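So the structure is just underneath, and the comments pick up after that.
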Amino acid sequence: MRTEGVRSPIPHARGPKPGSLPWLLGKQLRWQWQTLTGGQRTGLYIALAVLVLAVVGGYFALRSVLAGLPLNAPLPDVALGPVLLAQAFLLTLMLSAAVRAALVTLFTRGDLDLLLHSPLPPRVVLASRALGVALSAALPAGLLVVPLTLALLVLGVWRGGLGLLLWWLCASLVASSAGLWLTLGLVRVLGVRRTRTVSAVLGALFGAGIFLASQWANLSGERGRPSNAVFDALASFAPGQGGWPGREEWLWLPARAVWLEPLPALVLLLLSLAVFAVTVPALTRQFVNGAQEIAAVEGRVRHSRLGVGRLRFASGSRATLLKEWRLIWRDPELLSRTLLQVVYLLPLLFSVTRGGGLRAAGGTGVVLLTASLTAALAHLTLNAEDAPDLLVSAPRSPAALRRDKWLAAVIPTVLIGLVALTVLALRGALGTSHWLSLIPLLLLGTGGTALMVLWQPLPVRRSDAFKRSQRAPLVNTVLTLVFQGGLSATAYAASSGALWGLATLAVALIALGVAYSLRRSDVR
Numbered sequence: 001m002r003t004e005g006v007r008s009p010i011p012h013a014r015g016p017k018p019g020s021l022p023w024l025l026g027k028q029l030r031w032q033w034q035t036l037t038g039g040q041r042t043g044l045y046i047a048l049a050v051l052v053l054a055v056v057g058g059y060f061a062l063r064s065v066l067a068g069l070p071l072n073a074p075l076p077d078v079a080l081g082p083v084l085l086a087q088a089f090l091l092t093l094m095l096s097a098a099v100r101a102a103l104v105t106l107f108t109r110g111d112l113d114l115l116l117h118s119p120l121p122p123r124v125v126l127a128s129r130a131l132g133v134a135l136s137a138a139l140p141a142g143l144l145v146v147p148l149t150l151a152l153l154v155l156g157v158w159r160g161g162l163g164l165l166l167w168w169l170c171a172s173l174v175a176s177s178a179g180l181w182l183t184l185g186l187v188r189v190l191g192v193r194r195t196r197t198v199s200a201v202l203g204a205l206f207g208a209g210i211f212l213a214s215q216w217a218n219l220s221g222e223r224g225r226p227s228n229a230v231f232d233a234l235a236s237f238a239p240g241q242g243g244w245p246g247r248e249e250w251l252w253l254p255a256r257a258v259w260l261e262p263l264p265a266l267v268l269l270l271l272s273l274a275v276f277a278v279t280v281p282a283l284t285r286q287f288v289n290g291a292q293e294i295a296a297v298e299g300r301v302r303h304s305r306l307g308v309g310r311l312r313f314a315s316g317s318r319a320t321l322l323k324e325w326r327l328i329w330r331d332p333e334l335l336s337r338t339l340l341q342v343v344y345l346l347p348l349l350f351s352v353t354r355g356g357g358l359r360a361a362g363g364t365g366v367v368l369l370t371a372s373l374t375a376a377l378a379h380l381t382l383n384a385e386d387a388p389d390l391l392v393s394a395p396r397s398p399a400a401l402r403r404d405k406w407l408a409a410v411i412p413t414v415l416i417g418l419v420a421l422t423v424l425a426l427r428g429a430l431g432t433s434h435w436l437s438l439i440p441l442l443l444l445g446t447g448g449t450a451l452m453v454l455w456q457p458l459p460v461r462r463s464d465a466f467k468r469s470q471r472a473p474l475v476n477t478v479l480t481l482v483f484q485g486g487l488s489a490t491a492y493a494a495s496s497g498a499l500w501g502l503a504t505l506a507v508a509l510i511a512l513g514v515a516y517s518l519r520r521s522d523v524r
């Protein structure tokens, strides 16, 4: 009896071979897409639709104006300087994003050790991660590059559109390579946790520096004065002017490549590919050989710290406050948010001291920014708890723990607000009566905002506290905005003694009362 061969019902897998570089890169891109969208892709699709409509509208508005211009001719010398400065700005932005992405990719995700112990070649694993870092580095600049590229291509400026895309690709590879080297160097010197904090703080300072530079005229008191120093410096930054080298020198190569000049574009592409190709094998050896050494060094430091001296324990509220403040200090996301909000307060403090209508905005800005900062702190102290079972078993009542966590969020912001109001008063922007009237509003804004977070808890892991998916219900967000907006309007009215400030204060108190009535049963 002859039997026929049984065919396997399982079809052959299509696509890249499992374990290959394209396969790992596909997994990396899928993970990054999910992280970028956060499960909410409607907003992204709306942004793309708005971008397409803006490009189409710009085409119909500008095609008649640009019809007779030589748009595909080489860039003139006077344009090379501003283009090079814009490229330097975007490259710095991409490098900051690359450091954060490299830190997450290599250390925070926690799966690299498993991949390195798998049969996959370490070089392939790190090559896929390095390409993922390059993609993450390209995203911030893409917010400017992609719309500009589409506009250039639609207008028929194919040289600028294709050259800008080429430069974007090369810059992302260079930023990825530099970010990987910088991240591994910082980790070896500072450790993973401190590197996360340093990278977040540096990123916040970079963004704050750009903001302060844009507000320099306001800070220096030169707004409205005729000053052409900046424009003169930009005009002299050109080939053959102000002591700068000629057009054919290496300094202007990136700016010429962005307009797709053949030799500069080819040199830039080859250099970026060479830098990336050298970085991957070099980092493979360094990371694989040094990962265990880094862990061992951190372990020895940790044990040596435990062995020196005696352990000291605080009791009661002091222990809870110190614990929460230490965790806040170690949280890089919150540190960057705090630094940005404090920096954004500086131009306001300088502006209100110069008189005019901005004097009334000083107290308003302090009340609003401190309340907003309190919301972020309260979300971290009250909601983000990785070990809630330990708190339940602690020898303290839940009400006392919630009170201490509430204080941990309120005390720092109250101190920041008091310092800001005192600076305004010392510089003559606030009178004594106005200063005294703003103190209760500051206390009410910070304390009430933290209470609204307490009444509607949203338990999350500390590492997920600021992700897009961890959002408070819409009614809580609306009540918080109404409460903070009402107090800010009251602070503005208090500067001129307007009676309508009582109405806005009543609106804020009503919002606080509604939030209290909607509080969850487990916090009553």
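One point on numbering: in full-length UniProt numbering, the residue at position 6 of the sequence shown is 6, and numbering is uninterrupted. A virtual CB, placed ideally from N, CA and C, is assigned to each residue, including glycine. Since the structure is predicted, the reported quantities are computational estimates derived from the model, not experimental observations.
Backbone secondary structure at residue i - three-state DSSP
i	result
Gly224	Its pLDDT being 47, under 50, Gly224 is placed unreliably in this model, and the coordinates cannot settle the point.
Ser20	coil
Val482	helix
Trp435	helix
Asn72	coil
Ser372	helix
Gly365	helix
Gly240	coil
Gly417	helix
Ser397	coil
Gly307	Only weak support is given to the placement of Gly307: the predicted model assigns it a pLDDT of 47, under 50, and the value that follows is read from those uncertain coordinates. Helix.
Arg519	coil
Leu430	coil
Pro440	helix
Gly26	helix
Ala295	Confidence is the limiting factor: at Ala295 the pLDDT is only 48, short of 50, which leaves the residue's position unreliable and the question unanswerable from this model.
Ile10	Because Ile10 sits at a pLDDT of 48, beneath the cut-off of 50, its placement in the model cannot be relied upon, and the following sentence gives the value as read from the coordinates. Ile10 falls in the coil class under three-state DSSP.
Pro254	helix
Ala425	helix
Pro412	helix
Gln32	helix
Trp259	coil
Ala511	helix
Gly81	helix
Gly497	coil
Leu91	helix
Arg247	coil
Same chain, Cβ closer than 7 Å to residue i, five either side skipped, listed in chain order
i	result
Gly160	Leu152 and Trp259
Ala493	Trp500, Gly501 and Thr504
Pro254	Leu84, Gln87, Trp167 and Leu268
Val145	Leu164 and Trp168
Ala511	Leu479, Val482, Phe483 and Gly486
Gly513	none
Gln72	In the sequence on display, residue 72 carries Asn and not Gln. Answer for Asn72: Val157, Trp158 and Arg159, listed in chain order.
Pro16	Pro22, Trp23 and Gly26
Sequence-distant residues of the same chain with beta carbon closer than 6 Å to residue i, five excluded per side
i	result
Thr364	Ser488, Ala491 and Tyr492
Thr413	Thr370, Leu373, Thr374 and Thr446
Ser304	Reliability fails at Ser304, whose pLDDT of 45 lies under 50, so the model's placement of it is uncertain and no value is given.
Thr3	Only weak support exists for where Thr3 lies, its pLDDT of 48 falling under 50; the coordinates are left without a value.
Ser8	Confidence is the limiting factor: at Ser8 the pLDDT is only 48, short of 50, which leaves the residue's position unreliable and the question unanswerable from this model.
Asn476	Gln456
Gly185	none
Leu430	Leu424
Ala508	Phe483, Gly486 and Leu487
Pro119	none
Any C-beta of chain D under 8 Å from that of residue i
i	result
Arg396	Absence of chain D from the displayed structure is noted, only one protein chain being present.
Nearest-angstrom Cβ-Cβ length linking residue i and residue j, presumed shorter than 8 Å
i	j	result
Leu164	Leu148	7 Å
Ala88	Ser136	Actually they are not in contact, since the Cβ atoms of Ala88 and Ser136 sit about 20 Å apart, beyond 8 Å.
Leu126	Leu283	6 Å
Gln484	Leu377	Rounded, the Cβ-Cβ distance is 14 Å, inconsistent with contact.
Leu75	Arg326	Incorrect: roughly 53 Å between the Cβ atoms, too far for contact.
Val366	Gly417	5 Å
Gly179	Val278	Contact flag wrong, Cβ pair sits at about 15 Å.
Leu150	Arg63	Between Arg63 and Leu150 the Cβ distance is about 14 Å, and since that is not below 8 Å, they are no contact.
Glu324	Ala450	The Cβ separation is near 12 Å, so there is no contact.
Leu382	Ile328	Not quite, the Cβ-Cβ distance comes to about 12 Å (not below 8 Å), so this is no contact.
Arg247	Asp77	6 Å
Proximal residues to residue i (C-beta, below 8 Å), its chain only, five neighbours per side dropped
i	result
Val275	Leu173, Val174 and Ser177
Leu442	Val366, Val367, Thr370, Val414, Gly417, Leu418 and Leu421
Q: Any chance you could list the beta strand (DSSP E) runs of at least 3 consecutive residues sitting entirely within the region 108-192, in chain order?
A: none
* Could you tell me whether the region 265-279 touches the region 157-176, where touching means 3 or more Cβ pairs closer than 8 Å? => yes
Are there three or more Cβ pairs, one per stretch, closer than 8 Å when the region 98-106 is compared with the region 50-63?
-> no
- Message: Using 8 Å as the cut-off, can you tell me whether the region 235-248 makes contact with the region 139-147, which would need three or more C-beta pairs spanning the two stretches below that distance?
- Response: no
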